[in-house]
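Notes for the one structure printed next.
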Amino acid sequence: MATPTPDRALPLRERKKQRTFRALADVALARFTERGFDEVTLEEIVDEVEISKRTFFRYYSSKESVALAAEAELWLAYVAEFTATDLHGDVLTALRTALTTAITGMDEDWPRRFLATRRLVAGHNGLRKHSLVMAAHHQEQIVEQLEAKLGRDGREDVRLRLLGEIVFGAYRVGAKNWTAGRGKGAGSRGKGGRATLSARVGEAFDAVSDAVALAAD
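Numbering (my numbering), first residue to last: -15 to 201.
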């Protein structure tokens, strides 16, 4: 689930739900970062936020899902952005534009939370698997949107599933370069926040054609 954006126009009950949703993610990420994912119990998290475990499961499906909240925010934003896209012309360009728009539209604190989440994932096999499964789920949603918008069946038209692989592959390459401090004008890890992440992802997209045409001597 994505972190809802606070909206004063929403009823008080909905605003309280948003605050609880975000508080759980913030507390969990802070405690996991301090002590490690396996060393923090779900009971500690809910006690600090002052809710019950039953209430926790109204917001997140598992301890892993609250740890990966920052990643889920981006994927849900991307799916929503592409779903709202009126598709015309080059499809890969539309997919790329929706992704970079989702990245640059995240809140100002998101890069910090995302980088902290990636550090957790890098050191924990269970979280890494959960992250991959989550990304695959949202990749499938993008393919489903392509099927709906183009009136094609991805099981018969292999291009749709290949596009899903290309988009998420370009994202992963760009995100890895950003978190590692690689790329044009690179500096420290995660430098430049959303704009630089978007640029690194754009560089990966730019390299797709050359990658496909690459030939050994």
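Backbone N, C-alpha and C fix where the C-beta goes; we use that ideal spot for every residue, glycine too. Predicted, not measured: the structure shown is a model, and the values here were computed from it.
Taking just the CA atoms, how far does residue j sit from residue i?
i      : j     : result
L144   : Q129  : 10 Å
E28    : S46   : 14 Å
L181   : L79   : 16 Å
M(-15) : A56   : Per-residue confidence for M(-15) stands at a pLDDT of 43, beneath the threshold of 50, marking its modelled position as unreliable; no derived number is given.
R(-3)  : L134  : 39 Å
A82    : F66   : 5 Å
T84    : G186  : 8 Å
R42    : F189  : 37 Å
L147   : R136  : 13 Å
A191   : A197  : 10 Å
K1     : S193  : 45 Å
N161   : F5    : 30 Å
D70    : D93   : 30 Å
V142   : G20   : 41 Å
M118   : A200  : 35 Å
D31    : A120  : 32 Å
L13    : L58   : 16 Å
T(-13) : D10   : With a pLDDT of only 45 at T(-13), under 50, the local geometry of the prediction cannot be trusted, and no value is derived from it.
E140   : P(-5) : 46 Å
CB-CB under 6 Å to residue i, same chain, minus the five flanking residues each way: which ones, in chain order?
i    : result
T17  : A100
G138 : V127, E131, L144 and R145
I87  : R178, L181 and S182
V157 : A188
I35  : none
If contacts are defined as beta-carbon pairs under 8 Å, then residue i and residue j qualify, I think. What distance do you get, rounded to the angstrom?
i     : j   : result
K37   : L52 : K37 to L52, Cβ: 19 Å. No contact.
I126  : V63 : 6 Å
A68   : M90 : 16 Å between Cβ atoms; not a contact.
R(-1) : A54 : Contact doesn't hold; Cβ gap of about 21 Å is too wide.
Give me the residue from the options with the minimum Cα distance to residue i.
i    : options                 : result
R184 : L60, D22, E131 and K168 : K168
A154 : A12, E140 and A195      : A195
Who are the near neighbours of residue i in its chain, counting only those whose CB is closer than 7 Å to its CB and skipping five residues on each side?
i      : result
L8     : I29, V33, F40, Y43, Y44 and V50
Q123   : G148 and F152
P(-10) : Low local confidence applies: a pLDDT of 49 at P(-10) is under 50, so the model's placement there is unreliable, and no value is given.
R15    : V24, E28 and I29
H114   : E48 and L52
V105   : L111, R112 and S115
So, for residue i: in the same chain, excluding its five sequence neighbours on each side, which residues have a beta-carbon less than 8 Å away from its beta-carbon?
i    : result
P95  : G174, G177, R178 and L181
L76  : L147, I150, V151, F189 and V192
D22  : H108
G110 : F21 and E48
**Report entry** Segments of 4+ residues assigned as alpha helix (DSSP H) that fall wholly inside the segment 16 to 42
**Finding:** 26 to 33
Query raised in the report: What residue ranges within the segment 89 to 128 form continuous alpha helix (DSSP H) runs of no fewer than 4 residues, ordered along the chain?
Result: 94 to 106
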